[in-house]
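Asker: The following block contains the structure, expressed as structure tokens.
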DNA sequence: TCATGATGTGACCACTGGTCATTTTCTATG
DNA sequence: CATAGAAAATGACCAGTGGTCACATCATGA
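Protein chains in written order, with the working numbering: chain A, 66 to 261; chain B, 66 to 261.
Given below as structure tokens:
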């Protein structure tokens, strides 16, 4: 096996990815062009498509990578939760680290909307790797729900509140703090999912 | 005054607007090009820019028009509300008519995100005409809030939940019904804004 | 040394939002 | 009517987009 050549290829890919991450962060997904990504990394445009089949696919790969690192930590901690309220607070710690990466929350929202018009992308976005999907939320939370209210709905309501907060953040309205949303989300989940 | 010429100009503008509304509805904001709008209405591309300074400005005009018709009805009805819960339900009737225009909710979200990267557009989107903004919500709801919790935050939380639901809808996840979100929003507002 | 296949290139495609000099059409006045 | 001047409509043009592909370059195994 020609290790040297493969190594070079891997390095090129990483350079392009670094370039993309930094450009996405400063200009967003749509406003960053493939030509810019390659130019910034010192390659020609054609090289990009040797590594990814589209700009969207690169983006998904970046997100998947970001998500994977959060996920393990989160799943480990939630095993210790004693009730729904505790579980919710652990989940929100995790969401908090996502939003704290301010620019990325915005870009992520941008991409979510971008994917709305493409069935394949839409299907991928529904999968748990790319979003705190309703499914994964329900799974995390189900063991703690002590009412008849469906765990999926608790999850979906929570995700709605979170993603709505990202819109709010993106428009820089500045009325809500993360604390407010977190409190509201916990209160909502508790009122629906725990016997009073 | 050359009434005939002005009349013609007005008619052209209306034709272009109708064309745009129908194309936006079927393809979304980004995917609809200015050339398509004019072609569909039977004009050349240049004519578009005689009436609007950009595609975004046309969009804002369409939204403003849609909003105005809702608003009057809503303000009239809310005057009759007796408490926060009643006020919330009236507001959600209004939001419901917005989402029921299924395709438009999606396009509106698309445009919201599109405007994120443009300061001027962003400022316009914060204004009450274009969104159920935190301000206007606070104003509607303030007279009914009987706790210390700030009315702006109740408004912002409600808007977050609503706009998050639009994301949910756009991805066609299908777990939440409007009823669920409405109930959650009312419950949330009541728990924060009404003495128990 | 040289053939092979992987890696890198940039002109090219059909398209975008937006501009503007030019042509067409209307109308107010002599 | 004739015509000057204004208003409306046009479409070639610009710099850019995501994506393709025939071609050049280079590392490698024989």
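All C-beta atoms, glycine included, are put in the ideal place defined by N, C-alpha and C. This one's a predicted model, so the numbers in the text were calculated from it and none came from an experiment.
Using only alpha-carbon positions, find the residue among B:76, B:95, B:80, B:77 that is nearest to residue 176 of chain B.
Answerer: Measuring from the Cα of residue 176 of chain B, the nearest candidate turns out to be B:95.
Asker: Quick check on residue 93 of chain A - is its C-beta less than 9 Å from some C-beta in chain B?
Answerer: So yes, residue 93 of chain A belongs to the interface.
Asker: Return yes when the Cβ of residue 231 of chain B is within less than 9 Å of the Cβ of residue 154 of chain B, no when it is not.
Answerer: It is not a contact, given that the beta carbons lie outside the stated cut-off.
Asker: Decide yes or no for the touch test of the region 231–240 of chain B against the region 202–218 of chain B: beta carbon pairs closer than 8 Å, at least 3 of them.
Answerer: No, because fewer than three Cβ pairs between the region 231–240 of chain B and the region 202–218 of chain B fall closer than 8 Å, the two stretches do not touch.
Asker: I'd like to know whether the C-beta atoms of residue 211 of chain A and residue 149 of chain A end up nearer to each other than 9 Å.
Answerer: For residue 211 of chain A and residue 149 of chain A, yes; Cβs fall inside 9 Å.
Asker: Does any residue of chain B have a CB that is nearer than 9 Å to the CB of residue 220 of chain A?
Answerer: Yes, its Cβ sits closer than 9 Å to a Cβ of chain B.
Asker: What is the DSSP secondary structure of residue 194 of chain B, reduced to helix, strand or coil?
Answerer: It is coil, neither helix nor strand.
Asker: Please report the distance separating the alpha-carbon of residue 227 of chain A from that of residue 229 of chain B.
Answerer: Using only the alpha carbons, I get a separation of about 7 Å.
Asker: Is the Cβ-Cβ distance between residue 108 of chain B and residue 80 of chain B less than 9 Å?
Answerer: Yes, they are a contact pair.
Asker: Below 8 Å on C-beta distance, what does residue 227 of chain A contact in chain B?
Answerer: Here the neighbours are 229.
Asker: Whose Cβ in chain A lies nearer than 8 Å to the Cβ of residue 256 of chain B?
Answerer: The answer, in chain order, is 252, 256.
Asker: Hey, residue 157 of chain B and residue 250 of chain B are a contact pair by Cβ (cut 8 Å); roughly how many whole angstroms apart?
Answerer: Correct: roughly 7 Å between the Cβ atoms.
Asker: From the DSSP output, in three-state form, read off residue 162 of chain A for me.
Answerer: Three-state result, residue 162 of chain A: helix.
Asker: If residue 195 of chain A sits next to residue 128 of chain A, beta carbons under 8 Å apart, how far is it from one beta carbon to the other, in whole angstroms?
Answerer: 5 Å between Cβ atoms; contact.
Asker: Quick check: the Cα distance between residue 134 of chain A and residue 87 of chain A, rounded to an integer number of angstroms?
Answerer: Using only the alpha carbons, I get a separation of about 19 Å.
Asker: Alpha carbon to alpha carbon, what distance is there between residue 90 of chain B and residue 168 of chain B?
Answerer: About 6 Å.
Asker: Among residues of its own chain, excluding the 5 on either side of residue 99 of chain A, which ones have a beta-carbon nearer than 7 Å to its beta-carbon?
Answerer: Answer for residue 99 of chain A: 110, 113, 120, listed in chain order.
Asker: What first and last residue would you give for the alpha helix (DSSP H) that runs through residue 169 of chain A?
Answerer: 167–180 is the extent of the alpha helix (DSSP H) around residue 169 of chain A.
Asker: What does a CB cutoff of less than 8 Å around residue 192 of chain A pick up in its chain, not counting 5 residues either side in sequence?
Answerer: Excluding positions up to five away in sequence, the list reads 198.
Asker: Return helix, strand or coil for residue 259 of chain B, following the three-state DSSP convention.
Answerer: Coil at residue 259 of chain B, not helix or strand.
Asker: Please list, in chain order, the chain A residues whose beta carbon lies closer than 8 Å to that of residue 246 of chain B.
Answerer: Within 8 Å Cβ-Cβ: 222, 225.
Asker: Note down the Cα distance separating residue 178 of chain A from residue 126 of chain B, rounded to an integer number of angstroms.
Answerer: So the two alpha carbons sit approximately 22 Å from each other.
Asker: From which residue to which residue does the alpha helix (DSSP H) around residue 207 of chain A run?
Answerer: Unbroken run through residue 207 of chain A: none, as it is neither H nor E.
Asker: Within 10 angstroms of its Cβ, does residue 183 of chain A collect 16 or more other Cβ (buried), or is it exposed?
Answerer: So residue 183 of chain A counts as exposed.
Asker: Pick helix, strand or coil for residue 237 of chain A, following the three-state DSSP scheme.
Answerer: Three-state DSSP puts residue 237 of chain A in coil, outside helix and strand.
Asker: Please name the residues in the region 156–183 of chain B whose beta-carbon is closer than 9 Å to at least one beta-carbon of chain A, in chain order.
Answerer: Cβ contacts with chain A come from 171, 174, 175, 177, 178, 179, 180, 181, 182.
Asker: Using CA coordinates, which residue listed in A:258, A:117, A:122 is at the minimum distance from residue 185 of chain A?
Answerer: Out of A:258, A:117, A:122, A:122 has the C-alpha closest to the C-alpha of residue 185 of chain A.
Asker: Residue 125 of chain B CB to nearest chain A CB: under 9 Å?
Answerer: For residue 125 of chain B, the answer is no, since every Cβ of chain A falls outside 9 Å of its Cβ.
Asker: Give the interface partners of residue 128 of chain A over in chain B, defined as CB-CB distance under 8 Å, in chain order.
Answerer: Per Cβ cutoff of 8 Å: no residues; residue 128 of chain A is ~15 Å from chain B at best.
Asker: 9 Å is my cut-off, CB to CB: does residue 237 of chain B come that close to chain A?
Answerer: By this cut-off, residue 237 of chain B is an interface position.
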